[in-house]
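Each residue of the sequence shown is one higher than the last, beginning at 1055 in our numbering. Beta carbons are placed, not taken as given, at the ideal position from N, Cα and C, and that holds for glycine. Here's the structure we're looking at; comments come further down.
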Amino acid sequence: MSFAESLKKNNLSLWNKAHVKHPFIEGIQDGSLEFEKFKHYMIQDYKFLIEYCRVISVAISKSFDHKIMSFWSKLLDETLNSEMTLHESFCLDFGISKEELYNSETTLGTKSYCNYLLSTAYKYDIEYISCSLLPCQWGYDEIGRRLAKKNKTLENSFHSRWIQAYNDVEYQEITNWLINYVDSIQQKVDNKVANEIFQEALEFEYLFWESSWNLK
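The structure is reproduced here in structure tokens:
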């Protein structure tokens, strides 16, 4: 079993709770998710992406291998200059203004998740940073693939558009690179610490869905 797979298996119950069985995700799949919950999610996800870019910047500064540095640099550019622009456009299409994105309050849950990723990035080396980012990248990849196969929502609904965004070849390529990188570092890290970091980030993933589902 690969190292990434072992991290997932060690936390499979929490993984399923966060990325498989959560009612927010099920609501996207069958089209029953209310727009207000989706709007809450999109605004908080925008806030998250800003801080996510800061984490990637730290990862770049701690990378000594050119190829690894190149990957993080590409991810930063795509997140900052492509994904966030698309995020804004997506929101505008469904009536969420730029003012709402910029001026809405960041929830405590979003702040806590971002602070955890940033503190991990500053404290640990690139190998552990990768473990902290894996639950988000891998989880969304799996959700996008799975929901695309089972999608029962109307074409061009916000549910369907979201699924299409994460069932994306380029996104999947990034996920595959990150999984392969994590697989390669097993002998370089304290496996217990790596698992703890992965587990904590996965818990924050679950709480992020919970926050949007409960509008908190």
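Taken atom to atom, the span from the alpha-carbon of L1130 to that of G1081 is near 30 Å. For Q1083, the enclosing alpha helix (DSSP H) stretches over residues P1077 to D1084. The Cβ atoms of A1058 and V1109 lie no closer than 8 Å to each other.
Shown here for S1184: same chain residues with a beta carbon closer than 8 Å to its own, the five before and five after excluded, namely A1113, L1232, Y1235, V1236 and I1239 in chain order.
Contact between A1072 and L1256 holds, with the beta-carbon distance rounding to 6 Å and staying under 8 Å. For G1198, the enclosing alpha helix (DSSP H) stretches over residues I1180 to K1204. Going by beta carbons, Y1260 and L1068 fall inside the 8 Å limit. When secondary structure is reduced to three states using DSSP, M1055 falls in the coil class, being assigned neither helix nor strand. Taking every protein chain shown into account, the CB of F1118 has fewer than 16 other CB atoms within 10 angstroms, so this residue is exposed. With fewer than 16 other Cβ atoms from the protein chains shown falling within 10 Å of its own Cβ, G1149 counts as exposed.
Judged by their CB atoms, M1096 and C1168 are not nearer to each other than the 8 Å cut-off.
Contact check for K1101 against T1160 passes: the beta carbons are separated by less than 8 Å. Q1083 places its beta carbon 8 Å or farther from that of L1187. A straight-line Cα-Cα distance of about 24 Å links S1151 and I1079. Spatial neighbours of W1192 in its own chain (CB-CB distance under 8 Å, excluding positions within 5 residues in sequence) are listed in chain order as A1058, K1062, T1229, L1232 and I1233. Counting only the Cα atoms, Y1220 lies some 7 Å from Y1194. Restricting attention to G1085, H1076, L1066 and V1074, the CA atom closest to the CA of S1211 is found in G1085.
For V1109, the enclosing alpha helix (DSSP H) covers residues F1089 to S1115. Note that the C-beta distance between L1155 and E1137 is not below 8 Å. Counting along the chain, F1125 sits inside the alpha helix (DSSP H) bounded by residues H1120 to E1132. Here N1157 is exposed. Its C-beta has fewer than 16 other C-beta atoms within 10 Å. In the DSSP annotation of this structure, G1149 is not part of any alpha helix (DSSP H), being labelled neither H nor E.
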